[in-house]
Amino acid sequence: MNKARVIPVEKRIPEIPEKIFLFRSCTGSLEYPGTENAIKEIMKILGIEVVMDPDQTCCSGYLLTCSGYLPEVSLAATARNLALVEAKGLDTYVFCNGCFGYNKELSHILLHNPDYLKMANDLIGRWGYEYKGRTNIFHVQELYYRLKDRIASKVVRPLNGLRVAAHYGCHYLAQQYEILDDGDLPTFHEELFEILGATPVTYKEGRACCGYSVGRGFTHREEVVQPHLGKKLRSAKEAGVELITTVCPGCNVALDREQPNLAKNGHGEINIPVIDLGQLIALALGVPVEKLGFKANTVPLNGVLEKLGLKGV
């Protein structure tokens, strides 16, 4: 795979949008619905309208990865979803690294292979859709960084030096197209932590994969993924990390949901809460805690919230 091209945010998103299409994530909306709500609350505070569509379906990439069906199905699903956005004249913003990767890759395949594009459009055309490649695809974390000055001006609940570590996730940093930062040593999340009043923490295993993907769910969860994940999280604990942020619901599931299993299987007690970057930003912008969905977390945030002078959940 070719190394991702690093594109400065001002070139990648040259104009701050007044309105965005928010692409729902199956895992995010089901496992951690507070993530989706946090994005809506952030955009409301920053003066950006969020548009969604109940006809949007799953990006379908996860089933494609698992060889659940032929690629043609995912190509058609991608064409249909992006045609929905194009009809609104908007760009597509996702909050899942998987949705980002699959939409980018499958749309690239469609737009560079006329036969595939015709196949997909012939199928979705039965329901009145046509994909033309007119919507740009961004991860919402890129918009956060583009808006960092606006975010800094809206902080009403500084994070009081909270020691936060970033988990960027493979499916963003390993993109073969374009991303905002160096795929090996990214720092743009840490810049966002600082403007929120948190203390960015790096740790030895910070760039290690969460192990979610097919391994966690289907094949080698106990013998491969859990020892790997235990090593990663113990490294964070040794560095004094109080909170980990992700930008992918799949990573969040692995890092949060697996902690009790790690303890049960002899990989250590970790007890580090894990939330989405958007939830952290929303917290600093003063969004009420009850709107951020922290009750969905396996590892509770009570200690973090108490440090910030807030009630636990």
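Residue numbers for the sequence shown follow my numbering, so the first one is 201 and each next one is one higher.
Built from N, CA and C at the ideal position, the CB exists for glycine as well.
Computed from a prediction, not measured in an experiment: that's the story for all the values here.
According to the neighbour-count rule (16 or more other Cβ atoms, all chains shown, within 10 Å of its Cβ), is residue i buried or exposed?
i    : result
R334 : exposed
G406 : buried
N360 : exposed
E469 : exposed
L275 : buried
I216 : exposed
E342 : buried
V206 : exposed
G466 : exposed
K432 : buried
Based on Cα-Cα distance, which residue from the options lies nearest to residue i?
i    : options                : result
V447 : D456, G468, A439, G478 : G478
L501 : I472, A482, V425, L485 : I472
E386 : T402, G397, I395, L396 : Per the sequence shown, the amino acid found at residue 386 is Pro instead of Glu. Considering only alpha carbons, the answer is T402.
C370 : K354, P449, D253, A320 : P449
A496 : L485, L480, I475, K244 : I475
Y293 : V453, Q426, L222       : L222
N237 : L510, G503, V489, L508 : V489
E438 : H467, E422, K404       : K404
V356 : L317, L480, Y316       : L480
A283 : Q459, S307, T235, L508 : S307
G328 : I207, N281, E231       : N281
Y372 : P271, E218, C299       : C299
L443 : G486, K464, F494       : F494
G397 : H312, K464, L483       : L483
G289 : K219, E272, K464       : K219
E231 : L485, V487, G503, R457 : R457
P233 : F295, V273, S260, L485 : F295
Which same chain residues end up closer than 6 Å to residue i when comparing Cβ atoms and leaving out the 5 residues on each side of it in sequence?
i    : result
P400 : E390, F393
F338 : Y293
C258 : C226
R191 : The shown model of the chain, from 201 to 513, leaves out residue 191, and the question about it has no answer.
M252 : L222
G509 : none
L229 : Sequence check: residue 229 is Ser here, not Leu. Contacts found: E236.
From the DSSP secondary-structure annotation, give me the bridge partner or partners of residue i.
i    : result
E249 : K219
L443 : V364
V474 : I444
T292 : F221, I337
P400 : V364
Starting from the C-beta of residue i, find all residues in its chain whose C-beta is less than 8 Å away, skip the five residues before and the five after it, and write them out in chain order.
i    : result
L246 : L347, R350, I351, K354
G440 : R363, V401
K507 : N360, L362, E442
A463 : E469, I470
Y345 : V209, L380, F388, E391, L392
Checking contacts by CB at 7 Å: is residue i closer than that to chain D?
i    : result
G450 : Here there is only one protein chain, and chain D is not present.
Given residue i, which residues of its chain have a CB within under 7 Å of its CB, disregarding the five upstream and five downstream residues?
i    : result
K240 : V250
N321 : A279, E330, Y331
(message) Restricting to runs no shorter than 3 residues, where is the beta strand (DSSP E) found entirely within the region 344-379?
(response) 363-366
(request) Pick out the complete beta strand (DSSP E) segments inside the region 298-345, 3 residues or longer, and give them in chain order. (result) 337-339
(message) My parser needs the alpha helix (DSSP H) runs of 4 or more residues fully inside the region 445-469; what are they?
(response) 449-452, 459-464
(message) Just to confirm the assignment: which complete alpha helix (DSSP H) runs, minimum length 4, are found wholly within the region 207-231?
(response) 209-212, 226-231
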